[in-house]
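Presented below is the structure to which this report refers.
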Amino acid sequence: MANFVAGVHVAGWGAYAPSQVLTNADLERMVDTSDEWIVTRTGIRERRIAGPGETTASMATVAALRAIAVAGLDSNDIDLIIVGTLTPDYLLPSAATLVKQAIGNTRAAAMDLAAACSGFVYGYGVAHAYVSSGMARHALVVGSETMSRCTDFTDRGTCVLFGDGAGAAVLSASDEPGGAVGIELTTDTAATYSIWIPGGGGARPASTAMLASREQYMRMRGGETFKLAVRKLGSTAMAALAKAGWSLDDVDLVVPHQANSRIVDALAKSIGFPMDRIFVNIDRYGNTSAASVPIALTEAVAAGRIKQGDRIVLVAFGAGGTSGAIALQWTADPANQKRAESIDADSVKIATPDIEPANPFPPALEWLLSGTAPARATTDSGTE
Ligand code: ACO
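In terms of numbering that gives the first Met the number 0, the sequence shown opens at residue 0 and continues consecutively.
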């Protein structure tokens, strides 16, 4: 890769997960499923759910402030903000604009990036291009999702899989080598409608009929997605490694998108890589889409699984057949993570428009707030 700087390093990292927990036992009471089915088919035991006062932008802001603190920077040092998300607060303005305002940055270009579960890795690739070309010195990349707000809690095929959260990284120009040395971003159009949300866009705008047919919720052809995910995660990771000039033996840790633990197992087998060098935390978060890689990265550093000099591969696959991988050499001191401890979610304020406030919390999960038992969700207007 042609660089105008010696290296583009991960200088800061951070994550945020909302406090509400939705367990498999809770889901057993909502749809026809079982803890045993969910654990054996997906590896997921629980997932986090954004609270009534939380949105993609608010969670992104907490993760962003943590990453900026870990990098030892001020918010105004950031030149570029990219938020990878499929669940922005609004179609416009972008979530990135709200994050920029909330972190008190007055300088950065800010934009959202739509690549579904690959959103953070795609954002990383775009930010790397900005920083390596000299267009930015410090770039903030965030993956943040409120998947609970586009999940159909009457559909057992999808509602057991997803969760909410945010993760972020600061990429900084450096005179020292290190950081990303191989980047692959690709899109397979064979999977265009394997996972999709039919309604709410320009093709099928919001309408009473659209809501009645539940087109505002995500739909997925699971088996087809599973096979393509395994194939693309493997080929994309290997392409990034080839660009880096590394072999699999050179890699200390793979941090994959956390979609399904069986996908990760199949990935490991398909490329011949040991599971003990793959980071997995899907049991506690489910699939948080664009947030999953940066949440896993942050937890991997905190758990001592990433040390200075380690060679890491981040790899993701998502809706629209997007997939991306970054082969990078880690240079930051993991101990810097303690600088994030002072960032408290309660201090984050997202600018609100002059409009009647709405409760965005999923009606199907209202019982979570009161701690009462859930009821089976069977109709649009009933428990849903
Ligand atoms: N509980 C119990 N039974 C279930 C559930 C459930 N939650 N969900 C499906 N089933 C049933 C099905 O109805 C089916 O029953 P049948 O045989 O009577 O018809 C049976 O289980 C098997 O269904 P499959 O879909 O074949 O199950 P599979 O083993 O493929 O697992 C799963 C389904 C977990 C969805 C899997 O296909 C998967 O993980 N796919 C990939 C998802 C993914 O990677 N998404 C990534 C991108 S997401 C994004 O970009 C936003």
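By construction, the Cβ of each residue, glycine as well, lies at the ideal position given by its N, Cα and C atoms.
Because the structure is a prediction, the values reported are computed rather than measured.
Under the three-state reduction of DSSP, residue 8 is assigned to strand.
Separation of residue 9 and residue 28 (C-alpha to C-alpha, rounded to the nearest whole angstrom) is 42 Å. For residue 225, the uninterrupted alpha helix (DSSP H) run begins and ends at 221-243, by DSSP.
Of the residues 87, 232, 39, 244, the one whose Cα lies closest to the Cα of residue 60 is 87. A straight line joining the alpha-carbon of residue 126 with that of residue 375 spans about 44 Å. Inclusion of residue 364 and residue 21 in the CB contact set at 8 Å is warranted, their separation being smaller than that value. Relative to residue 281, the option among 4, 145, 33, 47 whose CA is nearest is 47. If you check the C-beta of residue 164 against ligand 1, you find no heavy atom less than 7 Å away. For residue 328, the closest of 340, 201, 335, 305 by C-alpha to C-alpha distance is 305.
Secondary structure remark: continuous alpha helix (DSSP H) runs of at least 4 residues inside the segment 343-371, in chain order: 365-369. The alpha carbon of residue 256 has as its nearest neighbour, out of 285, 240, 275, 237, the alpha carbon of 285. Three or more Cβ pairs drawn from the segment 231-249 and the segment 319-335 lie within less than 8 Å of each other, which places the two stretches in contact. Between residue 5 and residue 175, the beta carbon gap of about 6 Å places them in contact (Cβ cut-off 8 Å). Of the other Cβ atoms in all chains shown, 16 or more fall within 10 Å of the Cβ of residue 62; this residue is therefore buried. Distances from the CB of residue 28 to the heavy atoms of ligand 1 are all 7 Å or more. When only Cα atoms are considered, residue 330 and residue 204 end up about 46 Å apart. By the Cβ-count criterion, residue 143 is buried, with 16 or more other Cβ atoms from all chains shown falling within 10 Å of its own Cβ.
Taking C-beta atoms as the reference points, residue 229 and residue 265 count as a pair closer than 8 Å. Contact between the segment 35-43 and the segment 77-97 is absent: fewer than 3 CB-CB pairs across the two stretches fall below 8 Å.
Excluding its 5 nearest sequence neighbours in each direction, residue 193 has C-beta neighbours in its own chain below 6 Å: 220, 223, 224, listed in chain order.
Around the beta carbon of residue 355, fewer than 16 other beta carbons lie within 10 angstroms, which makes this residue exposed.
In the structure shown, the three-state DSSP call for residue 195 is strand. In the DSSP annotation of this structure, the continuous segment of the beta strand (DSSP E) that includes residue 82 starts and ends at 79-83. Non-local C-beta neighbours of residue 252 in its own chain, meaning closer than 7 Å and more than five positions away in sequence, comprise 276, 278, 299, 304, 305, 309, 311, ordered along the chain. Classified as buried, residue 64 has 16 or more neighbouring CB atoms from the shown chains inside 10 Å of its CB. Beta-bridge partners of residue 161 (DSSP): 286. Bridge partners of residue 172 according to DSSP: 7.
In this structure residue 79 is in contact with residue 139, their Cβ atoms being roughly 7 Å apart against a cut-off of 8 Å. In the three-state reduction of the DSSP assignment, residue 89 falls in the coil class.
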